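For the sequence shown, the numbering used here assigns the number 3 to the initial residue and increments by one for each residue that follows. All residues carry an ideal CB built from backbone N, CA and C; glycine is no exception. Note that the structure is predicted; figures quoted are calculated from it, not measured.
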Amino acid sequence: MNFEQQYRRLNASSLALPRYRNNIGLAEETGADRCSTADLVFTGLLVLIGAAMQGFAHKTTDAAIPAIFFLFAGYALVTFVFSGKPDEQRVFLLSYAICIFAGGLAQLYSLVAFGDPQSTSDATSFLQIIPNSRPYYTWWEINHLSVDGYPLSRGAPLAIAIWQGVYRICSSLGLDYGAYIGVIVNALVIGLLGCITVRTAREVFGDDSWRLRRVGILFAFCGLFILFGAVLLRDCFTTFFNALVLWGLVRWLCRPTPSNLFIALVLTGVSALAMMYLRLSSIVLFGFFWFLAFTCWFLEKRFNATRLIIIFLGLCILVLASQHLMSYIRISRDLQTQSLEHYADILMDTSESDSLGMALLVRQPLPVRLVLGTAARMIFPLPLWAYFHSEAADYHLIKGYHGIYQVFIMPLVLAGMFLILKIFRKDRKAAIPLIFLAIYLIMSVEAVIATSLEQRHIAQFMPALLILAAVPDTTDVQTRMLVRRIAIGWFAVVVLAHVAWIMIKVVA
């Protein structure tokens with residue numbers, strides 16, 4: 003398959019119109035309407051083994067009950083919502099099972115190394131908030147009470163409320179209290195997040211089963227998603243609601259109808275409301291995402307009567323709401339400053355103020371920090387083995403795995419961006435959703451670098467990266483050669499970065 007054929011295939015699936023695909027002679031891979039028996043058996047084994055390890059770490063035999071219940075409940079929900087879509091169903095099963103299994107490994111490791119099933123400080127603090135018996139916190143108490151001068155909710159009241167609700171049900175059923183219950187809830191959320199990610203990819207690629215399967219596999223083995231599904235952290239919820247916004251916008255860009263625009267607005271509204279009680283600062287980005295989406299939509303066909311009317315109305319709204327717009331920009335700047343100061347304080351509190359990262363990133367002007375931070379987060383941690391040591395918590399071990407995972411998928415992402423530019427020159431309409439995803443990813447990474455510099459915050463935008471990694475069709479010889487050339491250059495950069503790190507350490 004040469005590039006022209008591959009372009010036509012991607013162009014057709016970008017439009018998500020089976021009729022158009024058939025007209026140009028593309029073979030549509032339909033496959034089965036549901037997952038195979040092998041998928042179900044493999045998932046069941048991983049879940050049972052993972053639940054057994056979590057139960058052993060907590061000295062209980064109850065862990066299998068919520069693990070199996072959420073597996074069946076989640077799969078029933080997914081098969082209902084995504085009926086006849088085996089790729090969405092498969093990614094749920096695989097992601098959920100891997101998170102349960104990884105959670106078991108993490109809890110066993112933490113128990114052996116630290117004497118506690120949870121060795122991540124955030125996970126321990128969240129578990130301490132959740133009561134193991136009556137009285138339970140009310141919504142008002144979760145939002146307003148403070149303990150030792152810190153908010154009870156740790157800035158994530160919605161996550162606390164969801165966890166507490168599940169713990170309350172489990173307690174009424176007589177299940178033993180432990181972190182395993184919250185971890186299983188997180189695994190369920192990550193499984194559903196995988197469905198949303200593959201569904202977003204389906205909007206772009208249509209029923210291209212090969213690409214959808216790649217997105218699903220990349221998602222299931224992504225270290226940051228495994229981290230959120232294996233450790234008691236709120237990030238699984240924040241990532242889920244960000245993915246809903248992305249799905250709505252991509253769906254509208256692929257099929258710009260009034261109904262899809264309304265769906266995107268509803269998904270954004272629901273997500274913004276949820277993020278108010280999960281990570282308030284992330285809501286600011288939703289406005290920028292909508293601006294980017296409208297810009298891409300406008301560029302698709304350039305000027306016509308509808309777009310001219312909308313631009314005129316938009317300018318009128320901007321003039322009328324100029325004061326509120328300036329407030330929005332001011333709030334964005336304030337949040338950026340506050341977040342960066344907060345994470346700089348964390349580095350100082352942990353005696354890392356003299357580290358190379360602190361000197362080269364946090365203390366630099368914003369433009370310099372954005373450039374260096376982007377490069378640093380593409381190869382992180384540096385060195386890649388930095389988190390693999392005897393005193394590492396489960397959190398750091400999984401992040402260390404993700405660093406290696408990210409290095410290996412970056413050639414696919416870079417090749418995808420290169421191919422998108424080629425497609426854009428041939429057919430603006432087919433490339434617009436992919437252009438949006440690429441700019442969305444870059445914008446989001448820069449926002450994280452400008453605020454927290456925390457690697458796990460980038461996970462909120464990883465679905466876009468995984469979809470871009472599915473653009474290159476490596477079954478095509480020419481594309482495979484392109485990916486190989488990019489991979490050689492990329493791995494050379496990774497090696498040089500490690501050599502530079504070693505030289506700096508020797509000199510220091």
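DSSP places residue 473 outside any alpha helix (DSSP H), giving it a letter other than H or E. Between the C-alpha atoms of residue 59 and residue 118 there is a straight-line separation of about 8 Å. Taken in chain order, the whole alpha helix (DSSP H) runs of length 4 or more contained in the stretch 363–435 are 368–380 and 396–428. Per the Cβ contact rule, the stretch 380–398 is not in contact with the stretch 192–210 (fewer than 3 Cβ pairs under 8 Å). Assignment of beta-bridge partners to residue 153 by DSSP yields 148. Check the Cα spacing between residue 236 and each of 285, 250 and 155: the tightest is with 155.
Residue 446 sits in a helix when the DSSP states are folded into three classes. By the criterion of a C-beta distance shorter than 8 Å, residue 216 is surrounded in its chain by 471 and 472, once the five residues flanking it on both sides are discounted.
Distances from the alpha-carbon of residue 126 to those of 182, 142 and 99 put 182 closest.
Annotated as distal: residue 122 and residue 462, with beta-carbon spacing of 7 Å or more. For the pair residue 54 and residue 69, the CB atoms are not nearer than the 7 Å cut-off. Counted as a single uninterrupted DSSP element, the alpha helix (DSSP H) harbouring residue 90 occupies residues 88–116. Where residue 500 is concerned, the enclosing alpha helix (DSSP H) starts and stops at 479–509.
Ranking 270, 271 and 283 by CA distance to the CA of residue 454 puts 283 first. A distance of 7 Å or more separates the beta carbons of residue 256 and residue 474.
In this model, residue 260 and residue 415 are separated by some 32 Å (Cα to Cα). A check of alpha carbon separations from residue 400 across 227, 277 and 493 identifies 227 as the nearest. In the structure shown, residue 283 adopts helical secondary structure according to DSSP, grouped into three states.
Taking 7 Å as the cut-off, the beta carbon of residue 298 is found no closer than this to the beta carbon of residue 189. Between residue 160 and residue 276, the gap from beta carbon to beta carbon is short of 7 Å.
Taking a contact as a CB-CB distance under 8 Å, the pair residue 90 and residue 197 counts as one, their CB atoms being some 4 Å apart. With contacts defined as CB atoms closer than 7 Å, residue 144 and residue 162 qualify as a contacting pair.
Looking at 467, 99 and 488, the one whose alpha-carbon comes closest to that of residue 199 is 467. Here the alpha carbons of residue 506 and residue 93 stand approximately 42 Å from one another. Distance between residue 124 and residue 396, taken at the CA atoms: about 12 Å. When secondary structure is reduced to three states using DSSP, residue 134 falls in the coil class, being assigned neither helix nor strand. Only buried fits residue 109, as 16 or more other CB atoms lie within 10 angstroms of its CB. The beta carbon of residue 103 sits closer than 7 Å to those of 48, 51 and 52, all from its chain and outside the five residues before and after it, given in chain order. Closest option to residue 492, judged by alpha-carbon separation, among 77, 233 and 408: 408. Annotation for residue 258: no alpha helix (DSSP H) segment contains it, and DSSP assigns it neither H nor E. Looking only at 106, 503 and 148, the smallest Cα-Cα distance to residue 386 is reached by 503.
Residue 120 carries a coil assignment under DSSP once its states are collapsed to helix, strand and coil. Taken through DSSP and simplified to helix, strand or coil, residue 194 comes out as helix. The C-beta distance from residue 469 to residue 439 rounds to 6 Å, short enough to meet the 8 Å contact threshold. Secondary structure within the stretch 178–225: the alpha helix (DSSP H) runs of 4 or more consecutive residues, fully enclosed, are 181–207 and 211–222 (chain order).
Proximity to residue 459 across 391, 433, 230 and 417 peaks at 230, based on C-alpha coordinates.
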